[in-house]
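S.K.: Keeping their order, the protein sequence lines are chains A and B. Using my numbering, the first residue of the first sequence is number 1165, and each one after it goes up by one. Using my numbering, the first residue of the second sequence is number -12, and each one after it goes up by one. Here it is: the structure, laid out below.
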Amino acid sequence: MKKTKYLITCSVLLAVSITLDSCSKSFLEKPLLGALTEPVLANEKGVTAILIGAYAALDGQNVGGGTWESSPTNWIYGSVAAGDAHKGSDAGDQPPINLIATGQSNPSNGFFNAKWRANYEGINRCNNVLIVAEQATDISAETKTTLIAEARFLRGHYYFDLKKMFNMVPWIDETTTDMKTPNNVDIWPNIEADFKFAYENLGGTAPAVGRVNKWAAGAYLAKTLVYQKKFSDAIPVFTDVINNGTNSKGDKYGLPDRFEDNFDPAQKNNKETVFAVQMVANAGTGDISSGNAGEMLNFPYGDSPFGCCGFYQPTFDLVDSYRTDANGLPYLDTYNSEVVKSDQGIESDAAFTPYTGALDPRLDWTAGRRGIPYKDWGNHPGKKWIRDQNFSGPYAPKKNVYWQATQDTYSDRISWAPGSAINIHIIRFADVLLLAAEAEAQAGSLTTAMDYVNRVRERAGKKESAVYTYVDNSAPLKGFTTTPAANYNVKTYPTGSPVFASKESALKAIYFERKLELAMEGHRYFDLARWGIAATEINKFYAFEKQFTSDILQGNFTSGRNEYFPIPQAQVDLSTKNGEITLTQNPGYQ
Amino acid sequence: MHFTRLACRAMPVLCLLFSFLFSQAQNQTVTGKVFNDADRKPIPGVTVTVKGTKTATVTNEDGSFTLRGLDPGAVLQFTSVGFQSIEVAASRADMVSMKSSESIMSELVVVGYTSQKKRDITGAVSVVDVEQMNKQPAPTVTDKLQGQVSGVTITTSGSPGEPPRFRIRGFNSLTGSNDPLFVVDGVPTTSITDINPNDIATMQILKDAGAASIYGSRASNGVVILTTRRGKGKTRISYDGFYGTQQPKINNPYHMLSPIDQANLKWMALKNTADLAGIPVAYSDALYGSGSSPVLPDYILPVGKMEGDPAVNPSLYYVNPNYTDQADYAKFYRITKANKAGTDWMSEIFNPAPIQSHNISASGGSEQGSYLFSMNYFNQQGVLSNTYNKRYTLRSNSQYNFNKNIRIGENLAYSIIDNPRITILDEGNAVSMAYRQQPIIPVYDIMGNYAGTFGPTGLGQATNPVAARQRTANNKGLGNRLFGNVFGEVDFLKHFTFRTSFGGEYFSFRGNWFDYPTYENQENGSTNAYNENSGSGFNWTWTNTVTYTQSFGEHNIKLLAGTEAYNERGNMLQVKNTDYFSFDPDYTSMITGAGNPTVNTDGTDKWSASLYSLIARLDYNFAGKYLIGATIRRDGSSKFAPANKYGVFPAFSAAWRLSDEQFLKGLSWLNDLKLRGSWGIMGNQLGLAANNQFTTFASGRSSSFYDVNGTSNSLILGFQQGRYGNPNAKWEAQKSSNIGFDATLWNRALEISADYYVKSVSDMLYPVTLPGTAGAADVPYVNVAKMRTAGLDLSLGSHFDVNKDLGFDITATVTTFKNKIQYIADGNTYFEDQGRRFNSGGIIRNMVGESMSSFYGYKIVGFWNSQAEIDAANEVARKATNNPDAVYQTDAAVGRFRYDDKGAGIVTADSRQILGSPNPDFAYGLNLGGQWKDLDFSFTFYGVSGAQVWNQVRWWTDFYPSFAGGKSQTALYDSWRPDHMNAKAPIQENAGSFSTNGAPNSYYVENGSYLRLRNMQIGYSFNGEWTKKLGISRFRAYVQGVNLFTITKYSGMDPEIGGGDANSFGVDEGAYPVVKQFLLGINLSF
């Protein structure tokens, strides 16, 4: 009897086990948690969200790169490497930048890998828009074209950024299945095709101000043509953009009277905005990765109200460039013959009178210097805001700095260094005008070229674009007087100016104007490289700047090598396919 | 009596009370029963003698005996042929177990899903001496095992509650977990940090496939099997406790400079830099003036002021430490005196701290069943302020025997842990800040607010470590876990036993912490934020097995078959709010902040996974001489796609007891000799993400949202590719072979157990780094990598009695293994980790042909002692490269490091090489125990040999340009100078360079070998009349010293660097050091 009972019990339990086994198939099916698969997104709403994701990669943050390594401003590669700015801080901080700043970039420098990865993640997101859009059935042809054109625009941008940095890079698009594609084909035609498609298929007013339109695509297309020296192809596109273009809101392109509007978050997306990365503050992310994290190091140090970190200090060479002559024109060749007086080596509590010579007011929106209003934060106090003057000079960056009066809205202090809602311009209208001037000058239309340059200079000379002294130095928030903070004198080139009498001279003036207008905005290195004067200019810079600071003592630009940065070694290694490396290293870096 | 038994069943606590009363009323007649400890069968014919008298009797057929007319507190001696003699207090002699004189070899040992006699084990299994192990006062079982078992390497940390690095036979996974599987009372789990060590009855470590493979997909890192204690015999109440103090190393353990020497070093660096550039030196410093010798100021804020200066008038002072807006902060006027004598930051944050443990247990058992109830309170205060580990555990184990054939029971433990810890291995932790913060800075300013690096003073960017620690004082966190199982066993049809066990855990945790705004540091955070996290989850395992045991003559068979199902689910959430009106911890909560609550992505997750397995096992032996074991398991996992869900893991093992063979029988000195061999396959899926099979789209507020409307303060949802899926991923296969022997010689005067093994992991799941062109989505695990580990485990034991009063127990263990990565993936010949401040890849490289976590960088071959040396080297470089501009080494200069070019004539990225490895050549443990009359003593030594440590602390302290923080005496007194070329550190300069601190090089690699006296304990057992009168069966008191000395050449605080991952460990950047402890403890039983 007892035995039977056990047998029954055991049989039941065994049966349960066996049942469990047969159920195990479904028992072992666990759903995907916290993510979606492609079919769920194959509709208009989904594709739009993937496109938003493609825009979100513009800030270079959380996309496989680094924080400042993949900043969309290219402040390290475009400005520090070109002599606009020193790395700043002190010698031991972020040492890979020291090497980039002195022309000693090597393939294993992790910064390049970060930059590479961030751009290709952007490209991957664009490709996903194109892939998923093809699967969606609920999108109208028109909307679909817009989504695709925007995605191709963004892809063009990411590739443009790679192209100017690394030159030969592999082309990955929505049809690519082998990610180990060689870099043996010049991708300019592909970039051009993407912008052309966007230019031809996008409307003048975008669905949202942060999205791109036809004119942004036109401007980028023309810029792409200029980079390829296809000046005559570029001119009609520039002309179209300059004459008919509007920003995404539909406002006709132009230059606001106040130069600073470009960097004041309260004035973002104005008529000068062609293509900008939208930045936010305090938007509930718990970090500053959507708010200029790439620039977080670039604030005054010491007892400044910003806390961190004293990077990105304008150079003596750059500051001298803003000297103007009696006619309010720049010294194209001899700008360094006189050094703008600085407080280098002077303690903050020792007396100091700023330079009294004539200057272009754009200087004081570009470089913070002792005794001049640092936006509405008070007069720059000099050495006590600088981490190590001997290492990288007495100046502070300014374009990326938010205003005290509006800091609660536009600055984000959740992280150890500030974030801000200042948009990053990839292309602004002044840039378009100067590129157009360059194309016109190359094509021999020197008058048109000068007109374009003068539009830029005219704005610089407007009273709204000058910096004024404070009503009360001890209470900068009380506002400004009408007394200029320095001896400003900037004028347009007069009709018949000898500078625009020859192509060579005109180009020199245009190149110099780009330096002044777009300084510290990450353009100069790539400009110098495409102009073919990088070795001359940058070595000249090293020789000059060495007298003041110790950071670039080792500086040396090697012609034929340094025009491009090295393909990241990590990527070369990862390109191995069946034991063969598919990526070719750039010349001089092998 | 009947009532008592009932009470015992109902309420263990009542039971304690009654038993206590009854034990007081003991009469002078003793009736008892003697059992064989191994099989619980009665032993007839045992001689029972009353100690010190001639009174004696012999047990009858059912093992029982009766003795009358005994003195209270009499002691009985039990002797029998084939068994070890024992002594038991008469009051406790009702149920006496005797161990076979083959003793330990005949112990029943719990192995995979069943138990075996130790002598019949065919796989590589280490049986832990739990009593010996528990002599370490460490909080967790895993800490205590250091040096106790061969084949197991354990690296601990001084940080209370920090789980040690626990490796059984080295590495088995490149990127996933290398932690073993723990099986507690039959329930698999990944963590035993909350198990009360006093509750452990037995512990076995299954090291090879022959033993562990039955745990299939979770076995590849080895398996640790624990059983918890159960009641036996009469009610027994015990108290075990200790109290002690822990002594940190203080008094400038990093050999930092004094304030004036810091200034002298700055002057030296300025001079050296000017000399190198060939320009006259200009001394200038906001603090130290501009004279030819630096002068210390009276104040560091306002900068460099002297006493009497109007700027240091206290009436100007204004600091609001709890500021909430920038405008208030802008008004701060700080006044901080220079601490010319120097602040010893280590002493400021490290203090002696108490450690204590109290354990009470009650247990008992009879034929009807058994119970055990225990409570433990453990409290280790950290020597670093505001770190501690408090643990409360409750356990209730019981078993009821319905009748001869049916048993049911439960094992249940509940734990609560309160354990704030610091991250132990980074440059931002409190220990790092203590050497990075300059000594001229006082802890507090003139008004008692914190002082720090703030200001244009060039004092660096370290933070005040005292402030950082004190600001954590109100943080709270609790974790709790209910862990256990219920089981039933039925014996049927004579030879069968069915067992079912349903067990698992439910856990939850919750914590809150506040981020204060700071004002004293160079880089201050101005936001105030309150953070809260919580999570919970469960997992269960349901195991059903049927065992068949039979003997036919000399053939002994045990066959087991079963199923096991496992399911887990959990979630966690972390949120944060900002802008608090008041920072009062009683006020702050998630809703009282004025900011927008935000969800932390890293702290928020949900997960779910399952496993289903079929198990079979065969153990066969012939005459105990020829032994064979075979196991097979088929596992299915939810983490794999349907086509690859299942994996099969077979293993075979065999042993031959040579000592039972005729030709060896005659050797009287050879008690036992067994040869063992095994082969099998184990699996791994621990590192595998649950979503591995899916290609996904995901959204992240910080990564895929965008302010497409240009609002400046809001974001719109976007998607990004979340993961590349790999539906083809399958089980990885670790093939493991083992050969070994166990020998007992000269009646246990020598016991040897040795094993040699080879493990080859193929198809190892590795998250292959995709080329950047694939984007940044999470990469899938793919079956690609290969790794091989071979090693030797050796343990020696000796037990001998010098005479009746003096006996010794000695065990020694040696663990050694060599690990080699054989293949990673196409295009992935290495992967790096730990960039630290070099920012060029990593100082750790896991590369093909090398062992895990190897150090990588430039090898220093000396200093450049003259320009001529540099010129000569450059000449060689020019010839080697055919480039007239070539230089041998970037930034080469007199006084800097010269790097090895590996014969290339020029130093390039290819000149980097493996500089060492944190893996020791071998690790060893030595336990010496002894007894002399009532005095007992034990010593435990532990050592590792041939391991290196990457001492990253040196980057901060030995190079002037590595940020303006605290510097070492090496930097000032033992750096290269023209008159001191035989130096340790290079020339001190104002700026860093590739040839000094700018590149990872061998300057940081140090010998990390050490020998440590882990434990020393001396105890005395009181065996007087008075103990008997009080009904005390055991009363022992002891004194103990832990980590009393360490012999090492390592220059840092301690060479044992805990923490880190399997593929990146051994980097010391201010590790929480292991500390000295002095303890007093007692063991008391009634």
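Note that beta-carbon positions come from the ideal geometry of N, C-alpha and C, so glycine has one too.
1) Give a yes or no on whether the C-beta atoms belonging to leucine 1205/A and phenylalanine 479/B are separated by under 8 Å.
2) Could you give the DSSP three-state label for aspartate 1415/A: helix, strand or coil?
3) For the alpha helix (DSSP H) holding valine 863/B, just list the boundary residues, first then last.
4) Measuring only between beta-carbons, confirm whether threonine 1033/B sits less than 8 Å from chain A.
5) Between Asn870/B, Glu856/B, Pro301/B, Pro584/B, which lies nearest to asparagine 1446/A when the distance is taken from Cα to Cα?
6) Please decide whether tyrosine 1323/A counts as near chain B, where near means a Cβ-Cβ distance under 8 Å.
7) For the stretch 1349 to 1367 of chain A against the stretch 1323 to 1332 of chain A, do three or more pairs of beta-carbon atoms, one drawn from each stretch, fall closer than 8 Å, so that the two count as touching?
8) Hey, quick one: how far does the alpha helix (DSSP H) through lysine 236/B stretch, first residue to last?
9) Considering only their Cβ atoms, is the gap separating valine 1376/A from isoleucine 1351/A smaller than 8 Å?
10) Given this structure, state the Cα-to-Cα distance separating aspartate 961/B from alanine 972/B, to the nearest angstrom.
11) Does the stretch 1485 to 1504 of chain A come close enough to the stretch 1669 to 1678 of chain A to have 3 or more Cβ pairs within less than 8 Å?
12) In whole angstroms, what separates the C-alpha of aspartate 116/B from that of tyrosine 1007/B?
13) Tell me whether the beta-carbon of leucine 274/B lies closer than 8 Å to the beta-carbon of asparagine 977/B.
14) If you drop the 5 nearest sequence neighbours on each side, which residues of the same chain put their C-beta closer than 6 Å to that of leucine 8/B?
15) So, at 6 Å on beta carbons, what are the nonlocal neighbours of serine 782/B in its own chain, with the 5 sequence-adjacent residues on each side left out?
16) Does any CB atom of chain A fall closer than 8 Å to the CB of glutamine 672/B?
17) List, in order along the chain, the chain A residues whose C-beta lies closer than 7 Å to that of alanine 596/B?
18) Does any residue of chain A bring its CB to less than 8 Å from the CB of leucine 274/B?
19) Report yes if the CB atom of proline 1640/A is closer than 8 Å to the CB atom of proline 1537/A, and no otherwise.
20) May I ask you to list, following chain order, the residues of the stretch 1268 to 1300 of chain A that have a beta carbon less than 9 Å from some beta carbon of chain B?
21) If you draw a straight line from the alpha carbon of proline -1/B to that of serine 402/B, how long is it in whole angstroms?
22) Nearest chain A C-beta to tyrosine 607/B closer than 8 Å, yes or no?
23) Where asparagine 671/B and glycine 623/B are concerned, what is the direct C-alpha to C-alpha distance, given to the nearest angstrom?
24) Indicate whether at least one CB of chain A lies closer than 8 Å to the CB of aspartate 694/B.
25) Can you check DSSP and say which residues form a bridge with tryptophan 643/B?
26) Could you tell me which chain B residues have their CB closer than 8 Å to the CB of methionine 1343/A, listed as they occur along the chain?
27) Does DSSP classify glutamine 11/B as helix, strand or coil?
28) Does any C-beta atom of chain B lie closer than 8 Å to the C-beta of arginine 1688/A?
29) Using 8 Å as the limit for Cβ to Cβ distance, is glutamate 294/B near chain A?
30) When Cβ atoms are compared, which residues of the stretch 1501 to 1520 of chain A fall closer than 9 Å to chain B?
31) Beta strand (DSSP E) containing alanine 1232/A: first to last residue?
32) Decide if glutamate 1424/A is buried, meaning its Cβ has at least 16 other Cβ atoms within 10 Å, or exposed.
33) Taking 7 Å as the limit between beta carbons, can you name the residues of its chain near alanine 1245/A, skipping five residues before and five after?
34) Report the neighbours of glutamate 1202/A on chain B: residues whose CB is nearer than 8 Å to its CB, in chain order.
35) In three-state terms, what does DSSP make of tyrosine 1219/A?
36) Start and end of the alpha helix (DSSP H) containing leucine 1389/A?
M.R.: On the basis of the data shown:
1) For this step, residue 1205/A is matched to residue 41 along the first sequence. For this step, residue 479/B is matched to residue 492 along the second sequence. Between leucine 1205/A and phenylalanine 479/B, the CB-CB gap reaches or exceeds 8 Å.
2) Your numbering for residue 1415/A matches position 251 in the first sequence. The answer is coil: DSSP assigns aspartate 1415/A none of H, G, I, E or B.
3) Taking the first residue of the second sequence as position 1, residue 863/B is located at position 876. Per DSSP, valine 863/B belongs to the alpha helix (DSSP H) from 854 to 868.
4) Here residue 1033/B is taken as the residue at index 1046 of the second sequence, counted from 1. No, because no Cβ of chain A sits closer than 8 Å to the Cβ of threonine 1033/B.
5) Taking the first sequence and counting its residues from 1, the one referred to as residue 1446/A is at position 282. For asparagine 1446/A, the nearest C-alpha among the options comes from Pro584/B.
6) Counting from one through the first sequence, the residue named residue 1323/A turns up at place 159. Using a Cβ-Cβ cut-off of 8 Å, tyrosine 1323/A does not count as an interface residue toward chain B, since no Cβ of chain B sits closer than that to its own.
7) The answer is yes - the stretch 1323 to 1332 of chain A touches the stretch 1349 to 1367 of chain A, with three or more Cβ pairs under 8 Å.
8) Position 249 of the second sequence, counted from the first residue, corresponds to residue 236/B. Unbroken run through lysine 236/B: none, as it is neither H nor E.
9) Within the first sequence, the letter at position 187 stands for residue 1351/A. Within the first sequence, the letter at position 212 stands for residue 1376/A. The answer is no: Cβ separation not under 8 Å.
10) Taking the first residue of the second sequence as position 1, residue 961/B is located at position 974. Taking the first residue of the second sequence as position 1, residue 972/B is located at position 985. Approximately 6 Å, taken between the alpha carbons.
11) Cβ pair count under 8 Å is three or more, so yes.
12) The residue labelled residue 116/B in the question sits at position 129 within the second sequence. The residue labelled residue 1007/B in the question sits at position 1020 within the second sequence. If I take the Cα positions, the gap works out to 21 Å.
13) Here residue 274/B corresponds to residue number 287 of the second sequence, with the count starting at 1. Here residue 977/B corresponds to residue number 990 of the second sequence, with the count starting at 1. In this structure, leucine 274/B lies away from asparagine 977/B, with their beta-carbon atoms at least 8 Å apart.
14) Against the second sequence, residue 8/B aligns to sequence position 21. Since pLDDT at leucine 8/B reaches only 39, below the 50 mark, its modelled position is unreliable, and the value read off the structure follows with that caveat. Listed in chain order, the non-local C-beta contacts of leucine 8/B below 6 Å within the same chain number zero, local neighbours out to five positions each way being set aside.
15) The residue given as residue 782/B occupies position 795 in the second sequence. Shown here for serine 782/B: same chain residues with a beta carbon closer than 6 Å to its own, the five before and five after excluded, namely Ser137, Ser740, Thr800 in chain order.
16) Locating residue 672/B in the second sequence gives position 685, counting from the first residue. With 8 Å as the cut-off, glutamine 672/B does not count as an interface residue toward chain A.
17) One-based indexing of the second sequence puts residue 596/B at position 609. Contacts between alanine 596/B and chain A, judged by CB atoms closer than 7 Å, involve Lys1194 in chain order.
18) Along the second sequence, one-based indexing puts residue 274/B at 287. False, the Cβ-Cβ gap to chain A never drops below 8 Å.
19) As a first step, residue 1640/A is located in the first sequence; it is residue number 476 there, counting from the start. As a first step, residue 1537/A is located in the first sequence; it is residue number 373 there, counting from the start. The answer is yes: Cβ separation under 8 Å.
20) Near chain B, meaning a CB-to-CB distance below 9 Å, the residues of the stretch 1268 to 1300 of chain A are Gln1268, Asn1270, Pro1271, Ser1272, Asn1273, Gly1274, Phe1275, Asn1277, Trp1280, Arg1281, Ala1282, Asn1283, Tyr1284, Glu1285, Gly1286, Ile1287, Asn1288, Arg1289, Asn1291, Asn1292, Val1296.
21) Within the second sequence, the letter at position 12 stands for residue -1/B. Within the second sequence, the letter at position 415 stands for residue 402/B. For proline -1/B, the predicted model reports a pLDDT of 40, less than 50, meaning its position is unreliable; a value from the coordinates is still stated below. Each residue's CA atom was taken as its position, placing proline -1/B and serine 402/B some 19 Å apart.
22) Counting from 1 along the second sequence, the entry for residue 607/B is found at position 620. So, not an interface residue.
23) The count along the second sequence starts at 1 and reaches residue 671/B at position 684. The count along the second sequence starts at 1 and reaches residue 623/B at position 636. If you draw a straight line from the Cα of asparagine 671/B to the Cα of glycine 623/B, it is about 12 Å long.
24) Sequence index remark: in the second sequence, residue 694/B carries index 707 (1-based). Yes, aspartate 694/B counts as interfacial toward chain A.
25) Within the second sequence, residue 643/B is the residue found at index 656, counting from 1. For tryptophan 643/B, which the question treats as bridged, DSSP gives the partners Tyr613/B, Leu662/B.
26) Indexing the first sequence from 1 puts residue 1343/A at position 179. The contact set of methionine 1343/A on chain B, defined by CB atoms closer than 8 Å, consists of Leu757, Pro758, Thr760, Ala761 in chain order.
27) Taking the first residue of the second sequence as position 1, residue 11/B is located at position 24. Unreliable positioning characterises glutamine 11/B in this predicted model, as indicated by a pLDDT of 42, which lies under 50. The coordinate reading is nonetheless provided below. Here glutamine 11/B carries a helix assignment [DSSP, helix/strand/coil].
28) Here residue 1688/A corresponds to residue number 524 of the first sequence, with the count starting at 1. Closer than 8 Å: no.
29) Against the second sequence, residue 294/B aligns to sequence position 307. So no, glutamate 294/B is outside the interface.
30) Contacts with chain B (Cβ-Cβ distance below 9 Å) from the stretch 1501 to 1520 of chain A involve Gly1509, Glu1511, Ser1512, Asp1513, listed in chain order.
31) Taking the first sequence and counting its residues from 1, the one referred to as residue 1232/A is at position 68. Contrary to the premise, residue 1232/A reads as tryptophan rather than alanine in this sequence. Careful: tryptophan 1232/A lies outside any beta strand (DSSP E) and carries neither H nor E.
32) Residue numbering aside, residue 1424/A sits at position 260 when the first sequence is read from its first letter. So glutamate 1424/A ends up on the buried side.
33) For this step, residue 1245/A is matched to residue 81 along the first sequence. Once the five neighbours on either side are set aside, the close Cβ partners of alanine 1245/A are Ile1264, Ala1265, Tyr1689.
34) As a working note, residue 1202/A is residue 38 in the first sequence. For glutamate 1202/A, the C-beta contacts it makes with chain B under 8 Å involve Thr682, Phe684, in order along the chain.
35) Stepping through the first sequence from its first residue, residue 1219/A is reached at position 55. DSSP, reduced to helix, strand and coil, places tyrosine 1219/A within a helical segment of the structure shown.
36) Numbered from 1 along the first sequence, position 225 holds the residue referred to as residue 1389/A. That run of the alpha helix (DSSP H) goes 1378 to 1391.
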